[in-house]
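For reference, the structure is listed below as structure tokens.
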Amino acid sequence: DSGVTQTPKHLITATGQRVTLRCSPRSGDLSVYWYQQSLDQGLQFLIQYYNGEERAKGNILERFSAQQFPDLHSELNLSSLELGDSALYFCASAPRHINTEAFFGQGTRLTVV
Amino acid sequence: AQSVTQLDSQVPVFEEAPVELRCNYSSSVSVYLFWYVQYPNQGLQLLLKYLSGSTLVKGINGFEAEFNKSQTSFHLRKPSVHISDTAEYFCAVSEWDTGGFKTIFGAGTRLFVKA
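Okay, here's the thing in structure tokens:
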């Protein structure tokens, strides 16, 4: 158990809909990273938050957004969903803003139908 | 890193044989290097990391990796594999880039250990 909790584990939704994925980092970790894992794209970095502020941005679509709350949990919002958004979404946490060791959650499997 | 290349998508190997999983990256700046393992239906688990210092890094489960700056490589090795090592292995590189300090992952290498 990495100490990072992601909910829900599975999510099935229709195209055009909006979903929210939730991540609780390890106790004491201030950074949260979001990744998307799909068969064709591999593991893609989406975005990082550190202590409530956006710190780094990767290949995140404009339809996607994230935030980190004062209690340090984070949410990834995916809107206007398309079939191609079906993937495994991972959250990882780390103690500092520079990634020297990230701990991954078990992921949320999103299926868009 | 502009890219992380894992040279083998699949590596079949017999139990108790040695294995090397190859990773090359392209970067012009100092980097941190990682190997992660992913078992089916699970998240990624850190095997080992190189931040600085000795270029030979030892990790969990008997794995080790060597950082070669001149060849921009960070190959993962294990002298004797077990069936339980069957999993997907990801090489990752962290560096400063436009937009912040980012970690880029390779496409993964599926290690399949046969009895």
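Chains as they are written, first to last, in my numbering: chain U, 1 to 113; chain V, 1001 to 1115.
Yeah, the Cβ is synthetic: ideal placement off N, Cα and C, and Gly gets one too.
Three or more Cβ pairs drawn from the stretch 11-23 of chain U and the stretch 66-82 of chain U lie within less than 8 Å of each other, which places the two stretches in contact. Inter-segment contact for the stretch 1013-1022 of chain V and the stretch 1044-1054 of chain V is absent: fewer than three beta-carbon pairs are separated by less than 8 Å. Proximity to V/Pro1018 across V/Thr1055, V/Gly1062, V/Ser1094 and V/Gln1006 peaks at V/Gly1062, based on C-alpha coordinates. Listed along the chain, the chain V residues whose CB falls inside 8 Å of the CB of U/His73 amount to none; the nearest CB is some 17 Å away. As DSSP reads the structure, V/Gln1045 sits in a beta bridge with V/Val1037. The Cβ of V/Phe1090 sits closer than 9 Å to at least one Cβ of chain U.
Beta-bridge analysis with DSSP links U/Arg18 to no other residue. Within its own chain, the residues whose Cβ lies closer than 6 Å to the Cβ of V/Phe1034, once the five positions on either side in sequence are excluded, are Lys1049 and Ala1092, listed in chain order.
Taking each of U/Val112, U/Gly107, U/Ile47 and U/Ser65 in turn and checking the Cα distance to U/His97, the smallest one comes out for U/Ile47. Using a Cβ-Cβ cut-off of 9 Å, U/Ile12 does not count as an interface residue toward chain V, since no Cβ of chain V sits closer than that to its own. At a cut-off of 9 Å between beta carbons, U/Gly58 contacts chain V.
Taking V/Val1037 as reference, the option from V/Asp1085, V/Thr1103 and V/Ala1115 with the minimal CA-CA separation is V/Asp1085. Cα atoms of U/Leu11 and V/Glu1095: separation of roughly 33 Å, rounded to the nearest angstrom.
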